[in-house]
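Each residue of the sequence shown is one higher than the last, beginning at 0 in numbering that gives the first Met the number 0. We put the CB at the ideal spot given by N, CA and C, even for glycine. Bear in mind that the values here come from a model prediction, so they are computed numbers and not experimental data. Working notes, beginning with the structure itself.
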Amino acid sequence: MLKNLVVSSVSSFLDKLGVDGDRVMFKLAILAHRLGLKGKIDTSRPYRFGTFSMYLDAHDTLQVADGTIRFEPTETETLLACVRPDTVMLDIGANMGYYSIRVAQKATAGSVYAFEPDPGNFALLQKNLALNNLTNVKAFNAALSDKPGTMRLYKHPFNVGDYRLYNDGDFTEFVDVPTLRLDDTISDKIDLVKIDVQGFEYFVLKGGYDLLKRDHPLVISEFWPRGLYNSGASPADYLRMMQELGYEVREIDEKKKAVVPRTYEELLELSARPINRYTNLMFHYTA
Numbered sequence: 000m001l002k003n004l005v006v007s008s009v010s011s012f013l014d015k016l017g018v019d020g021d022r023v024m025f026k027l028a029i030l031a032h033r034l035g036l037k038g039k040i041d042t043s044r045p046y047r048f049g050t051f052s053m054y055l056d057a058h059d060t061l062q063v064a065d066g067t068i069r070f071e072p073t074e075t076e077t078l079l080a081c082v083r084p085d086t087v088m089l090d091i092g093a094n095m096g097y098y099s100i101r102v103a104q105k106a107t108a109g110s111v112y113a114f115e116p117d118p119g120n121f122a123l124l125q126k127n128l129a130l131n132n133l134t135n136v137k138a139f140n141a142a143l144s145d146k147p148g149t150m151r152l153y154k155h156p157f158n159v160g161d162y163r164l165y166n167d168g169d170f171t172e173f174v175d176v177p178t179l180r181l182d183d184t185i186s187d188k189i190d191l192v193k194i195d196v197q198g199f200e201y202f203v204l205k206g207g208y209d210l211l212k213r214d215h216p217l218v219i220s221e222f223w224p225r226g227l228y229n230s231g232a233s234p235a236d237y238l239r240m241m242q243e244l245g246y247e248v249r250e251i252d253e254k255k256k257a258v259v260p261r262t263y264e265e266l267l268e269l270s271a272r273p274i275n276r277y278t279n280l281m282f283h284y285t286a
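Below, the structure is given as structure tokens:
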């Protein structure tokens, strides 16, 4: 907690100096890893968190190995509040299964479709689903895009939650992964979508346009302007598509610990340049 506070304070100070603070801290974290300064945790055993357990990655990307769940608490609370016993959810960018587990435990008469392209993360996902005795999750070791085929997934040196389906020059290691289209893959009625794919959200949901138009699911999505630009789309492309589909938008503000109203105009202004800051949005169908 103290480390996160220090990082946030330094980042904010750099922002005031006209420097992209988040970007500087990102580069420093990678340098620390290369110098061998990043500590590792015991990955041979699962960690218990109340009603569920998880095996974690070596660098504890979720920062929960101490037994305290601090990972996106407002987003988690918001998402779980939308889950009914019969909810069917898409977990796009499922990583090691945090959201899939939480939702599957609550949606006992529903199901989760979990998509995770990286082989290492997918192995952890499968291990965690088995650990929690969850049989209502169908996991796909594939990425989602607007066309089927194969793409390169570029891998962060230690953050297993920051793998990208585009080469923006940050990472050199990659793995080739299969890609699917949602509209070709899912026929069930979908109630809820959680998507976090490091800026590739536009292409994923473009490949599920018919599904969104048919089912109007609630969509909880990361919104990272820099990633959207670097993926080959733009924040405007993503927001315009969701607006045309009849969605209103709100922001899940982790600092305020609340879901706050937003307009598309405000979000476009926020993303006028490829800044490194990100937030989470809730798209709710109203048309």
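Report the rounded CA-to-CA distance for residue i versus residue j, giving the unit in angstroms.
i      : j      : result
GLY245 : LEU78  : 20 Å
TYR237 : ASN131 : 35 Å
ASP167 : ASP195 : 17 Å
GLU268 : ILE274 : 11 Å
GLN242 : THR262 : 10 Å
ILE251 : ALA129 : 31 Å
LYS105 : THR86  : 9 Å
THR149 : SER270 : 29 Å
VAL187 : GLY38  : The residue asked about is misnamed: residue 187 is Asp in this sequence, not Val. One C-alpha to the other measures close to 43 Å.
TYR228 : GLU200 : 11 Å
GLY109 : THR134 : 11 Å
ASP59  : GLY160 : 10 Å
TYR162 : GLY92  : 10 Å
PHE121 : LYS256 : 30 Å
ARG276 : ASP183 : 33 Å
THR278 : LEU181 : 24 Å
GLY119 : GLU264 : 39 Å
ASN94  : THR75  : 15 Å
Under the assumption that residue i contacts residue j (Cβ atoms under 8 Å), give the Cβ distance between them as a whole number of angstroms.
i      : j      : result
ASN127 : MET53  : 5 Å
LEU280 : PHE202 : Not confirmed; about 17 Å, so no contact.
ILE179 : PRO224 : At residue 179 the sequence reads Leu, which differs from the Ile that was named. Not really, about 26 Å apart at Cβ, beyond 8 Å.
PHE170 : LYS154 : 6 Å
LEU123 : ASP56  : 7 Å
ILE185 : LEU210 : 6 Å
Closest to residue i by CA distance: which of the options is it?
i      : options                   : result
ARG69  : GLU268, LYS254 and VAL259 : LYS254
ILE189 : PRO177, CYS81 and ASP56   : CYS81
GLY231 : LEU266, SER144 and HIS283 : SER144
GLN125 : LEU152, LYS212 and GLY96  : GLY96
ALA64  : ARG44, THR73 and ARG83    : ARG44
SER233 : LYS256, HIS215 and LEU266 : LEU266
Who are the near neighbours of residue i in its chain, counting only those whose CB is closer than 6 Å to its CB and skipping five residues on each side?
i      : result
GLY226 : GLN197 and GLY198
VAL111 : MET88, ASP90, SER99, VAL102, ALA103 and VAL136
ILE219 : LEU78, LYS193 and MET281
LEU4   : Note on LEU4: pLDDT 49, under 50, position unreliable in the model; the coordinate value appears next. If we look at LEU4 and ignore the five residues flanking it on each side, it has no Cβ neighbours.
MET0   : Residue confidence is low: MET0 scores 44 on pLDDT, short of 50, so the model does not pin down where it sits. No coordinate-derived value is stated.
VAL259 : GLU250 and ASP252
VAL248 : ARG261, LEU280 and PHE282
HIS215 : TYR284
THR107 : PRO84
THR73  : ILE251, GLU253 and LYS256
Closer than 8 Å by C-beta to residue i: which residues in its own chain qualify, once you throw out the five before and the five after it? Chain order, please.
i      : result
GLY66  : TYR46, ARG47 and PHE48
LEU217 : CYS81, ASP190, LEU191, VAL192, MET281, PHE282, HIS283 and TYR284
ARG151 : LEU164, ASN166, PHE173, VAL174, ASP175 and VAL176
ALA235 : LEU267 and SER270
MET240 : TYR201, LEU204, LYS205 and TYR208
Under 7 Å Cβ to Cβ from residue i, same chain only, skipping five residues before and after it: list those, please.
i      : result
ALA141 : PHE114, PRO116, VAL176, PRO177, THR178 and LEU179
GLN62  : ARG69 and PHE70
GLY212 : Inspection of the sequence shows that residue 212 is occupied by Lys rather than by Gly. Contacts found: LEU244.
THR50  : GLN104
GLU286 : The residue asked about is misnamed: residue 286 is Ala in this sequence, not Glu. Once the five neighbours on either side are set aside, the close Cβ partners of ALA286 are GLY245.
4-residue-minimum alpha helix (DSSP H) runs that sit fully inside the region 83–158, ordered along the chain: Listed in chain order, they are 97–105 and 118–130.
Uninterrupted alpha helix (DSSP H) stretches inside the region 153–200 (no shorter than 4 residues): 181–184
Every unbroken alpha helix (DSSP H) inside the region 201–241 [4 residues or more]: 208–214 and 224–229
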